[in-house]
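Going by full-length UniProt numbering, the letters in the sequence shown line up with residues 1 to 407, in that order.
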Amino acid sequence: MGRKDKESWEAERTSAALASLKLQAQQPTLEIYGTPETSGQLQLTLLSDGSDSADDAPEDTCEDNEGEQLDYHIGSVLKDRYEMVSMLGDGAFGRVMKCLDRHKNEFVAVKVVMNFENSYEVARSEIAVLEEINSLDDDNKFACVRMLDWFECKRHICIVFELLGLSTFEFLRQNDFLPFSVEQIRHMAFQLFRAVSFLHRNKLTHTDLKPENILFVSSAFDLEDDPKTMCVCRKPKSLEVKVVDFGTATFDHQHHESLVSTRHYRAPEVILDLGWNQSCDVWSLGCVLFEFYFGQTLFLSHDCLEHLAMMEEVLGPIPPHLLEQTRKKHFVHNNRLKRDEQSSSGGHIREHCRPLKFIETESEEEQQLLDLLGCMLEYDVGRRITLEEALWHPFFSLMRTKQTQRS
Ligand code: 8FY
């Protein structure tokens with residue numbers, strides 16, 4: 001699937017998430033689920049959960065017949081072991097299904113990758129990365145999802161993962177985009193920074209960090225009255241999170257695709273085509289933490305120039321030496337970012353973006369969080385904080401005292 005497809009896919013993520021939710025709510029009386037993807041090789045037909053099907057019906061298995069399409073539905077069994085229970089989500093890559101592992105009698109998440117042109121390579125690369133990081137983290141100390149198994153079925157690669165809970169994006173959405181508290185953000189950010197700095201230490205860059213790729217380990221929540229909004233809101237019982245989707249994770253020695261990340265979380269050096277490294281993950285995580293803190297996407301843009309203009313509104317002018325180096329000369333005029341203040345886009349930007357410096361804070365911990373965000377959203381890669389350094393930022397001093405108390 002091309003980049004353009006990926007972007008249009010992502011533009012529709014909310015409606016897709018909604019559709020999948022409706023779908024889950026409808027189970028077990030399911031209907032045929034048609035998406036634009038059915039035009040591809042992967043066909044998913046969700047049929048009735050079996051309550052009204054004949055008991056003596058032959059069991060559906062996924063046999064490895066070359067050339068046949070993988071046509072599976074609830075109740076299908078992959079590799080004579082993984083019985084499909086429901087759909088957990090889908091994306092440009094394919095689908096993630098909840099399955100019952102009949103050998104271990106526990107639930108797992110199985111990612112069935114589309115067999116489009118390059119998705120085979122993406123899936124093989126994801127498996128290689130997961131094998132590497134899971135083996136480097138024997139004790140499961142760093143919050144990266146565990147791969148349990150993988151196999152090929154009718155030329156689709158299937159990757160078996162531990163079953164996790166809702167993504168942080170889905171949690172926010174189901175909670176009316178009420179932001180997380182600073183205390184909650186501290187706990188989640190600490191795990192995320194440890195996980196991603198572990199990747200960085202091991203010569204990897206994730207390249208696609210976003211709320212959708214950060215999953216709670218458990219979806220359990222309590223209902224609480226929110227004094228600010230006078231609403232009943234959800235509070236996760238546990239703040240344990242894990243990073244998923246290593247399909248575009250890149251080792252230092254590997255070819256670096258010029259365009260990486262999902263637009264809203266894309267670092268300026270990627271947009272300006274200046275080359276990128278681990279620090280593009282730091283930028284993405286800065287955008288993610290902002291979203292956790294405000295319940296809204298920081299740079300909700302649809303094109304590159306508008307995106308850069310939004311950055312200038314929030315963070316000040318892009319340093320001229322970066323604009324001098326860019327190959328994207330059409331973004332630059334007179335050594336400054338091309339801007340069209342009069343256009344409707346200019347108005348949209350001023351309406352939606354506030355300078356980070358002018359955000360009012362009520363407490364010292366909020367100030368510390370905003371200070372940390374400022375260090376992460378630094379234009380110049382050479383001056384951007386590393387995650388190793390960020391873990392020593394005053395925002396985390398409470399975590400460090402707790403950590404030392406524990407060990
Ligand atoms: C999962 C849900 C989901 C939307 C994954 C997993 C594996 C991935 C790319 C996400 C609810 N429990 C649950 N859900 N995924 N929603 C789009 C894609 N997937 C997972 C592992 N364990 C899970 N447990 C691979 N690759 C994006 C992925 C999530």
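Cβ coordinates follow ideal geometry from the N, Cα and C atoms, glycine included.
As the structure is a prediction and not an experimental result, all values here were calculated from the model.
Residues of its chain near residue i, where Cβ-Cβ distance is below 7 Å and the 5 sequence neighbours each way are ignored
i    : result
I319 : In the sequence as displayed, the identity of residue 319 is Pro instead of Ile. Closer than 7 Å at Cβ, skipping near neighbours: Y379 and D380.
L148 : V108, V160, F161 and E162
A189 : L289
S39  : Unreliable positioning characterises S39 in this predicted model, as indicated by a pLDDT of 32, which lies under 50. The coordinate reading is nonetheless provided below. Nothing meets the Cβ criterion.
L136 : N202
Three-way DSSP call (helix, strand, coil) for residue i in this model
i    : result
F169 : helix
T388 : The amino acid at residue 388 is misidentified as Thr; the sequence shows Glu. E388 falls in the helix class under three-state DSSP.
R336 : strand
M84  : strand
C99  : strand
W150 : strand
D208 : coil
V244 : coil
R266 : coil
T401 : helix
I159 : strand
A249 : coil
C233 : strand
P394 : helix
K357 : helix
D139 : coil
I74  : coil
Short Cβ contact (7 Å threshold) for residue i with residue j
i           : j    : result
D281        : L164 : no
F169        : P236 : no
S238        : S261 : no
K104        : V85  : no
L377        : L315 : yes
L337        : L308 : yes
residue 420 : T207 : Residue coverage of the chain in this structure runs from 1 to 407, which leaves residue 420 outside it and unanswerable.
V96         : C158 : no
F395        : L370 : no
N277        : C233 : no
Alpha-carbon spacing of residue i relative to residue j, whole angstroms
i           : j    : result
residue 458 : R155 : Absent from the structure is residue 458, since the part of the chain shown begins at 1 and ends at 407.
P80         : G89  : Reading off the sequence shown, one finds Asp at residue 80, where the question assumed Pro. Cα to Cα, D80 sits roughly 23 Å from G89.
V129        : F246 : 7 Å
M310        : C153 : 45 Å
D362        : R124 : Note on residue identity: the sequence assigns Glu, not Asp, to residue 362. Each residue's Cα considered, the two are about 48 Å apart.
D252        : R201 : 11 Å
A220        : E183 : 18 Å
V332        : F198 : 37 Å
G347        : C304 : 16 Å
E132        : D139 : 14 Å
R323        : F93  : According to the sequence as given, residue 323 is Leu; it is not Arg. The alpha-carbon atoms of L323 and F93 are separated by roughly 34 Å.
G374        : N115 : 41 Å
L172        : S76  : 32 Å
L356        : I127 : 39 Å
E389        : F177 : 30 Å
F358        : E365 : 16 Å
S397        : W150 : 40 Å
Cβ shell of residue i (< 8 Å), same chain only, five flanking positions each side left out
i    : result
D273 : S258, T326, R327 and K328
A143 : Q191, L192, R194, A195, E240, V241, K242 and V243
M399 : R186, H187 and F190
G275 : H256 and E269
Near ligand 1: residue i beta-carbon under 6 Å from a heavy atom
i    : result
D273 : no
F161 : yes
A109 : yes
V145 : yes
Contact set for residue i: own chain, Cβ-Cβ below 6 Å, skip 5 residues either direction
i    : result
E313 : I349 and C353
P179 : Y293, F294 and G295
C287 : Y265 and L298
K6   : Reliability of the predicted coordinates at K6 is poor, the pLDDT of 45 falling under 50, and no value is obtained from them.
Cβ-heavy atom distance, residue i to ligand 2, below 6 Å
i   : result
G91 : No copy of ligand 2 occurs in the structure displayed; its ligands are ligand 1 alone.
Closer than 7 Å to chain C by CB, residue i
i    : result
H321 : Structure shown: chain C not included; a single protein chain is present.
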